[in-house]
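For the sequence shown, my numbering begins at 338 and goes up steadily by one.
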Amino acid sequence: MKILKWLDLGLKRTEEAVLSLAIITITVMVAGNTISRNLGLGGWAFAEEISQIAIYMATFLGLGYVARQGRHISMTALFDNVPYKFRKTLALIIPFVTAFVLFTLAYYSYDYVLSSQNRVTDYLRISYVWMVVWAPIGFLLGGIQFLRNFWVNVKNKDVYIAAERKDYDTEQDAKESNQL
């Protein structure tokens with residue numbers, strides 16, 4: 338169990354480092370290209386391709402990271418207004434179905450990566466795989482995090498929206514609000 342926690346912490350730190358690098362790269366490429374053009378030095382032809390790679394990286398690796406943090410997009414209008422037992426049921430169903438969908442998308446995006454092996458980018462002439470490889474990795478990591486969220490809800494009585502983040506309403510809070 339200690340090894341899993343150590344691996345999870347390593348994965349979290351790696352995700353944070355890669356996401357930070359991607360955001361910094363996007364900023365430098367877009368701002369640098371704009372400044373260069375406005376100073377009359379001409380645009381950077383490579384900036385668009387590097388920015389695209391960084392955007393793919395940030396978007397797809399961000400899936401696992403936001404699922405880990407419980408910061409993903411969620412439709413809470415129903416979730417927040419149902420009795421606690423139904424909320425707990427939803428907290429089991431939603432991450433399980435989401436994990437299934439993400440694993441399915443990982444499979445199909447992996448096929449897409451394999452079919453992209455013979456393509457290269459227009460200017461830098463690097464393999465297009467470097468642009469799209471982030472999709473199956475991100476879908477896989479996101480699916481793992483949602484399975485983890487499912488398992489945490491199976492093991493615990495309280496409702497968790499992420500493995501380390503409880504829903505802001507506990508069962509006691511839900512009972513108290515229903516009595517008002």
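We treat Cβ as the ideally placed atom computed from N, Cα and C, and that holds for glycine.
Problem set entry | Own chain partners of Val-469 with C-beta closer than 7 Å, once the 5 adjacent residues on each side are dropped | These residues qualify, in order along the chain: Tyr-393, Tyr-449, Val-450 and Ser-453.
Exercise. What is the rounded straight-line gap between the Cα of Phe-476 and the Cα of Ile-430?
Worked result: As the crow flies, the alpha-carbon of Phe-476 is around 18 Å from that of Ile-430.
For this session: Can you tell me which of the three DSSP states Ser-464 falls into?
Result: strand
For this session: Could you say which of Ile-387, Tyr-465, Val-403 and Glu-501 lies nearest to Glu-523 if we only look at CA atoms?
Result: Nothing can be reported for residue 523: it is not among the residues displayed for the chain, which extend from 338 to 517.
For this session: Count the CB pairs spanning the region 458-465 and the region 414-433 that are closer than 8 Å, and state whether there are at least three.
Result: no
Exercise. Are the beta-carbon atoms belonging to Ile-474 and Leu-398 less than 8 Å from one another?
Worked result: yes
Problem set entry | Where Val-419 falls: helix, strand or coil (DSSP) | coil
For this session: Pull up the distance between the alpha-carbon of Thr-364 and that of Ala-384, whole angstroms please.
Result: 10 Å
Exercise. Taking DSSP as the reference, what is the three-state secondary structure of Ile-498?
Worked result: strand
Problem set entry | Buried versus exposed call for Ile-498 [16 or more other C-beta atoms within 10 Å across all chains shown] | Classification of Ile-498: buried, given that the 10 Å Cβ count is 16 or more.
For this session: State the DSSP-derived secondary structure class of Val-457, mapped to helix, strand or coil.
Result: If DSSP states are grouped into helix, strand and coil, Val-457 belongs with the strands.
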